[in-house]
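Enquirer: Going by this note's numbering, 314 is the number at position 126 of the sequence shown; the sequence numbering is gapless.
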Amino acid sequence: LLMQNETLNQHYAATIAKTLGLRVIYAAAPFDAQAVMHLIDHVDLLVLNQGEAEEFEASIGAELETCQVDDIIVTLGAQGCKWVSNKAHTTCSFPAYKVDAIDTTGAGDTFTGYLAAALDRRLTMPNAITLAMQASALMVMRRGTADVIPDLKDIEDYGFDEIP
């Protein structure tokens with residue numbers, strides 16, 4: 189289940205998803221600390237941008253590494269992203285692919301959508317993050333939103349290096 193803060197009945201949906209054994213991915217945008225705290229016990233993967241992560245840490249009075257969510261990803265724009273695995277007690281940084289950004293609108297949604305789809309296809313978290321970062325890199329090279337989200341063929345055709 190992939191949710192964000194622009195939908196209703198999140199707690200109910202997350203509860204049902206967990207009952208069914210589904211992974212709950214929560215992109216906490218637009219950020220609302222109270223909404224995050226209401227859902228946190230049902231979330232397997234929390235996706236935040238840097239500002240949201242800072243606001244969340246301030247609201248809980250602790251670092252992300254102390255949160256009871258298995259995995260947290262903080263997107264950092266042109267600096268890439270950080271994966272906090274509380275389950276494995278590790279933190280990994282992923283550098284961004286260097287591209288000429290034209291329009292960053294939709295980059296975060298593209299990242300999160302690709303991440304969720306890749307995990308659903310049983311890719312490992314590092315491989316899912318890499319694919320999501322490649323999709324986001326292509327996205328910022330285009331003008332527009334949903335109508336220009338790259339497909340897998342676009343990513344394959346671009347020929348990204350394995351590591352940026």
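We treat Cβ as the ideally placed atom computed from N, Cα and C, and that holds for glycine. Note that the structure is a prediction, hence the values are computed from the model and not measured.
Just to confirm my understanding: we take Ser324, look at its own chain, exclude 5 residues before and 5 after, and list those with CB closer than 7 Å. What are they?
Expert: Walking along the sequence shown from the start, residue 324 turns up at place 136. The residues are Ala295, Thr298 and Phe299.
Enquirer: Threshold first: 3 residues or longer. Then list the beta strand (DSSP E) segments lying entirely within the region 258-290, N to C.
Expert: With a minimum length of 3 residues, the continuous beta strand (DSSP E) runs that stay inside the region 258-290 are 259-263, 269-273 and 278-282.
Enquirer: Please list the terminal residues of the continuous beta strand (DSSP E) segment that includes Ile213.
Expert: Position 25 of the sequence shown holds residue 213. Ile213 to Ala215 is the extent of the beta strand (DSSP E) around Ile213.
Enquirer: Rounded to whole angstroms, what's the CA-CA distance from Ala316 to Gln198? Just pull it up for me.
Expert: Here residue 316 refers to the residue found at position 128 of the sequence shown. Here residue 198 refers to the residue found at position 10 of the sequence shown. Near 24 Å, if we compare the C-alpha coordinates of Gln198 and Ala316.
Enquirer: So, helix, strand or coil for Asn256, using DSSP?
Expert: Stepping through the sequence shown from its first residue, residue 256 is reached at position 68. The sequence shown places Gln at residue 256, rather than the Asn named in the question. DSSP places Gln256 in coil when its eight states are reduced to three.
Enquirer: Does the Cβ of Thr263 lie closer than 8 Å to at least one heavy atom of the ligand HEM?
Expert: In the structure on display, the ligand HEM does not appear, and there are no ligands present to speak of.
Enquirer: Using DSSP bridges, identify the partner residues of Leu234.
Expert: As a working mapping, residue 234 is identified with position 46 in the sequence shown. Tyr214 and Ile260, per the DSSP bridge assignment.
Enquirer: What does a CB cutoff of less than 7 Å around Asp342 pick up in its chain, not counting 5 residues either side in sequence?
Expert: Here residue 342 is taken as the residue at index 154 of the sequence shown, counted from 1. These residues qualify, in order along the chain: Leu326.
Enquirer: With distances taken from CA atoms, which of Asp291, Gln322 and Val257 is nearest Arg211?
Expert: Sequence index remark: in the sequence shown, residue 211 carries index 23 (1-based). That would be Val257, whose Cα lies nearest to the Cα of Arg211.
Enquirer: Thinking C-alpha only, which one of Asp229, Trp271 and Ala289 is nearest Ser281?
Expert: The residue labelled residue 281 in the question sits at position 93 within the sequence shown. Ranking Asp229, Trp271 and Ala289 by Cα distance to Ser281 puts Trp271 first.
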